[in-house]
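Counting in my numbering, the sequence shown runs from 94 upward without gaps. Just so you know, even glycine gets a beta-carbon here, dropped at the ideal spot from N, CA and C. Predicted model, so just to flag it, every value in this text is computed and none were measured.
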Amino acid sequence: MLTQQLGLLNEEFQRRNGKQNAAVEEANRRRRAAAGRPVHQPWPRSGGGSDLSLQTVNGWLPKKRSSAEPSVPSDFEDLWAVIAVMLEATGTPPDARQRRHWKRLHQDARLPEAGLDDEVRGYLDAARKSAEQHPYSGLAGRAGPPPLADVYVHQQNQAADRDEVPAEPAEALFGRNDRLCLLIAGPGGGKSTLLRARLRAAANAWNDGKVPARRLDRTVPVWVSARGLAGDDVTVADALAGATRSLSRFGPSPGLPATRFLKRPCPGAFWQVLVDGLDELPGAERRREVLEKLRNAATQDPSLYRCVVATRPLTEYELIPVGSGVPRYQLQPFTPGDLDAYIAKYFAYRWPEPEATHRSRRFAAALREAFLHELAESPLMAFILCQLYLAHPDRPLPAGRHAVYETFTELLYESNAHKQVADSHEAAITHLVQSLQSPAARQAAEAAARQVHERLPQLIDYLAHRWHTGPKDPAAVVLANHEAVQRPGKVQPHVWQDFVESLLGHTGLLVHLPDGLGFPHQTFLEYHAARHATRDEQARSDALRSGRLLSAPEAELSYAGFLLDALLSAPGDAPLEVTRMVEAATRIGGTDDCRFLVAQVNLQTQLPTVPTARQLLRFSESADLLGVDRIRAAAALVWVDGHRELAAARLIALAHDPALYASDCAYAAERLSRLEGYRTAGADRLIALADDPTLDANDCTYAAERLSGVEGYRTAGASRLAALADDPTLVSNDRRHAAERLSEVEGYRTAGADRLIALADDLTLSGLARAEAARLLAGMEGYQKPGADRLIALAEDPSLDAFDRETVARYLWRVNGFRGAGASRRAAVTGDAVSDQAQRNATAEALAKRSGGQAD
94 MLTQQLGLLN
104 EEFQRRNGKQ
114 NAAVEEANRR
124 RRAAAGRPVH
134 QPWPRSGGGS
144 DLSLQTVNGW
154 LPKKRSSAEP
164 SVPSDFEDLW
174 AVIAVMLEAT
184 GTPPDARQRR
194 HWKRLHQDAR
204 LPEAGLDDEV
214 RGYLDAARKS
224 AEQHPYSGLA
234 GRAGPPPLAD
244 VYVHQQNQAA
254 DRDEVPAEPA
264 EALFGRNDRL
274 CLLIAGPGGG
284 KSTLLRARLR
294 AAANAWNDGK
304 VPARRLDRTV
314 PVWVSARGLA
324 GDDVTVADAL
334 AGATRSLSRF
344 GPSPGLPATR
354 FLKRPCPGAF
364 WQVLVDGLDE
374 LPGAERRREV
384 LEKLRNAATQ
394 DPSLYRCVVA
404 TRPLTEYELI
414 PVGSGVPRYQ
424 LQPFTPGDLD
434 AYIAKYFAYR
444 WPEPEATHRS
454 RRFAAALREA
464 FLHELAESPL
474 MAFILCQLYL
484 AHPDRPLPAG
494 RHAVYETFTE
504 LLYESNAHKQ
514 VADSHEAAIT
524 HLVQSLQSPA
534 ARQAAEAAAR
544 QVHERLPQLI
554 DYLAHRWHTG
564 PKDPAAVVLA
574 NHEAVQRPGK
584 VQPHVWQDFV
594 ESLLGHTGLL
604 VHLPDGLGFP
614 HQTFLEYHAA
624 RHATRDEQAR
634 SDALRSGRLL
644 SAPEAELSYA
654 GFLLDALLSA
664 PGDAPLEVTR
674 MVEAATRIGG
684 TDDCRFLVAQ
694 VNLQTQLPTV
704 PTARQLLRFS
714 ESADLLGVDR
724 IRAAAALVWV
734 DGHRELAAAR
744 LIALAHDPAL
754 YASDCAYAAE
764 RLSRLEGYRT
774 AGADRLIALA
784 DDPTLDANDC
794 TYAAERLSGV
804 EGYRTAGASR
814 LAALADDPTL
824 VSNDRRHAAE
834 RLSEVEGYRT
844 AGADRLIALA
854 DDLTLSGLAR
864 AEAARLLAGM
874 EGYQKPGADR
884 LIALAEDPSL
894 DAFDRETVAR
904 YLWRVNGFRG
914 AGASRRAAVT
924 GDAVSDQAQR
934 NATAEALAKR
944 SGGQAD
């Protein structure tokens, strides 16, 4: 309200030919006179004065079509000094009544925003209960999953295509002011779990009676599936309303009407739309349509939504609707330490100490022995493997991803006895039959029902394949097209649909999701879809002739792996045909084939050993490929049975290859250090690269950073990073980069921050060089304010030219909690008395371009 009324007053003031800079100067003159100071002598705040700057006052005013948040002055007297001048100019006396009015507005604006109403709190209470459940179903009656909060392990995010930006806790993206952003990870990478954790944390914060202190944290999250957003007749508000209604089993009245999502949850807050499973929509056009819908909703003014879209990697074509400027965050897999923490938490839920620790170590060793430890860096795979181990601790773990899913599915069927599913199915059939009167109708209904019951495994595979290749219509609707599912004429459609979905739900292979029956995760759907696609000889022949078996797009790599495994384990000629296809790729393969094959090996797809090894070896030796692709091919060769030593030899050769970039050599050495028995060899090569005086400083920094991640060499890597950051012979950019990397080494955050502070305060450096150091400092946990304070000082430094000050202001604008401060200083660049008018005009033009033509 304060911002709105200030805007109205400013519009009237300007309509009467008032100039903002003149109003600020008049306010300053009056305040100087009241303090007994010379009225025409500046009295800057840096000297203990009370002069207001034009950029500060600009920051109080609303911005047209901008996501910048207006600031609220901390001192009412600052605000009143300017308002009094503007009131007089518009013909309104600045009397006591006006002062009381504006002071009340100021006081209200300074208070925390009003809380949520009872209806929204009711929704959040149900959402919290829903989010506390583990996202994946366990083995019923055996080792069901513990509550999510008990085993949740925090992951990291990395800004996609921006390697210079350090990784950060994944939850940080929810506190940014992005109107729309993408959360990207591969299959089972933890996307859904992260959204669930966010929903739970935010619901707890709001319903504990707390209004988040930071404006950027004031979002009320709503989880919604991408499927719920699909369709031209569905608005974002409709989809959100449907998502809240689906929580009915978690609360008495969690549903909110669509109209509630056409206004903010409460003053100062936004709806945070957590979109899950965009990649699960069939067809690129449907995914584009949903993204376009979200973009239009997120960019509307006044702003209502902050959208986070979780998806597997998509093609650039599919991302055209959101544009290249939309932030993309890559969710990082578990580190070895994360995996150990997850296992420890999971086992501690099952066994007391010290047995839990003992079993955790045995399990971690079993993962390494089965070559599953890297596969287990996927949070979903870690969950499944823990479940398998807890069900049968004495059994060896399956070999490969397909075998893991196959064993897990079999155990789900096996656990049916504990759930009394057979009895439940019989009861469902009996109930259906007894709902009819005539003997003939009963006989027909029982025959049809038993046919469905007997074909359930095949029907589940069919359903998965239909969902994978087409729209995700309700399960009973999809199965109505199958020849084994024929509704008897005397059974009402809704009764038959309920019966079919009841049988499916009791199998444990499908679960009740907010938008109906579905698989607990997309990879389970892919596994069953691949089973259907290879169910008989004709289906296998069709799959082999599809032409895309060895060239699937990135979003389809997981399904392609399941399909290959199913073909390679099938009877008949299919395994030989797949082998021939891999051998053909060996002769003609290029970059895409290399990346496809490496991805399949990393997924533990059980490809034929000899042609796969031959292909990977060829790729690792090919000068036509990028160094990073050659290294990944050599590293993948490790997982091909019997080729570990050859893989090590190739990594050693690549780590010493003078034709490769030094950074590629360091990457090869780091991959070598991961191999048992080769840690020292890899570390020694990294030390040599980090200490090589002939290399560029950035290459030395990269090698030292990789060295710090090798077990037993953290101090060696950190000491070299510190030396690079302290080296006065290096340019500031290289020193800053080394300090940043040092701050990311465990136990060396303070050491890195101290060096960034020294660079930001070094007056021998240029203003922009100091600002870059301050920007990195402000992005570090615990150093936000020191970094922002230095950016503020630089943004107001008259010795910097307009271009540099605008750049510094942009850095400040991106710091959480300082958006208003950055926006006001950024806008002030074009209003300051810069002597060079041409420079002012050029800066204004640059501002307009960066703001999409909307610069104030």
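Expected contact under 8 Å - CB spacing of residue i and residue j to nearest Å
i	j	result
isoleucine 553	tyrosine 422	That belief does not hold up - the Cβ atoms of isoleucine 553 and tyrosine 422 are roughly 34 Å apart, past 8 Å.
cysteine 400	glycine 208	The Cβ separation is near 24 Å, so there is no contact.
alanine 740	leucine 730	4 Å
alanine 921	glutamine 148	3 Å
leucine 407	arginine 380	7 Å
lysine 583	leucine 529	6 Å
histidine 227	leucine 241	5 Å
alanine 663	threonine 627	6 Å
leucine 660	arginine 633	6 Å
Residue i vs residue j beta-carbon contact at 8 Å
i	j	result
phenylalanine 363	leucine 333	no
isoleucine 522	glutamate 539	yes
leucine 893	leucine 869	no
leucine 690	alanine 667	no
phenylalanine 456	alanine 449	no
alanine 846	tyrosine 876	yes
leucine 861	alanine 888	no
glycine 601	leucine 610	no
arginine 488	threonine 392	no
threonine 702	aspartate 658	no
tyrosine 771	glycine 720	no
serine 143	tryptophan 136	yes
valine 329	lysine 386	yes
tryptophan 316	aspartate 372	no
alanine 319	valine 383	yes
Environment of residue i [buried if 16+ CB atoms lie within 10 Å]
i	result
glycine 946	At glycine 946 the pLDDT is 37, less than 50, meaning the model places this residue with poor confidence; the figure from the coordinates comes in the next sentence. It is exposed - the Cβ of glycine 946 has fewer than 16 other Cβ atoms within 10 Å.
arginine 197	exposed
glycine 493	buried
isoleucine 413	exposed
alanine 306	In this prediction, alanine 306 scores a pLDDT of 43, lower than 50, which makes its location untrustworthy; no coordinate-derived value is stated.
methionine 474	buried
aspartate 431	buried
glycine 215	buried
serine 94	Reading off the sequence, residue 94 comes out as methionine, not serine. The residue is exposed, with fewer than 16 neighbouring Cβ atoms inside 10 Å.
alanine 533	exposed
aspartate 766	The sequence given here has serine at residue 766, not aspartate. So serine 766 ends up on the buried side.
serine 756	buried
asparagine 695	buried
proline 891	exposed
glutamine 97	exposed
alanine 881	buried
lysine 878	exposed
When the options are compared against residue i, the one with the closest alpha-carbon
i	options	result
leucine 709	Leu696, Glu798, Ala716, Cys687	Cys687
alanine 458	Phe592, Pro486, Glu899	Pro486
threonine 404	Phe427, Pro375, Asp394	Pro375
alanine 809	Leu835, Ala626, Ser825	Leu835
threonine 352	Leu384, Thr286, Leu397, Pro646	Leu397
asparagine 250	Pro262, Pro239, Asp243	Pro262
valine 402	Glu119, Ala127, Leu266, His749	Leu266
isoleucine 724	Gln699, Ala755, Arg764	Arg764
alanine 557	Glu519, Ala727, His625	His625
histidine 199	Ser164, Val213, His227	Ser164
alanine 648	Gln693, Ser662, Val671	Gln693
leucine 782	Ala748, Val244, Leu656, Asp433	Ala748
tryptophan 732	Arg461, Ala853, Ala895, Ala864	Arg461
Cβ of residue i within 8 Å of any chain C Cβ
i	result
alanine 816	The structure shown contains no chain C; it is built from a single protein chain.
- Say whether the segment 793-802 touches the segment 215-223, bearing in mind that this needs 3 or more beta-carbon pairs closer than 8 Å, one atom from each stretch. Put simply, the segment 793-802 does not touch the segment 215-223. Fewer than three CB pairs are less than 8 Å apart.
- Message: Below 8 Å, how does it come out for the segment 339-355 and the segment 282-294: are there three or more Cβ pairs, yes or no?
- Response: No, the segment 339-355 is not in contact with the segment 282-294.
- Inter-stretch contact (C-beta, 8 Å, three-pair minimum) for the segment 310-323 and the segment 178-187: No: fewer than three Cβ pairs fall under 8 Å.
- Indicate whether the contact test is met: 3 or more Cβ pairs, each with one atom in the segment 171-180 and one in the segment 101-119, closer than 8 Å. Contact between the segment 171-180 and the segment 101-119 is present: 3 or more CB-CB pairs across the two stretches fall below 8 Å.
- Message: Measuring CB atoms only, is the segment 572-580 touching the segment 619-627, in the sense that at least three cross pairs come out at less than 8 Å?
- Response: Contact between the segment 572-580 and the segment 619-627 is absent: fewer than 3 CB-CB pairs across the two stretches fall below 8 Å.
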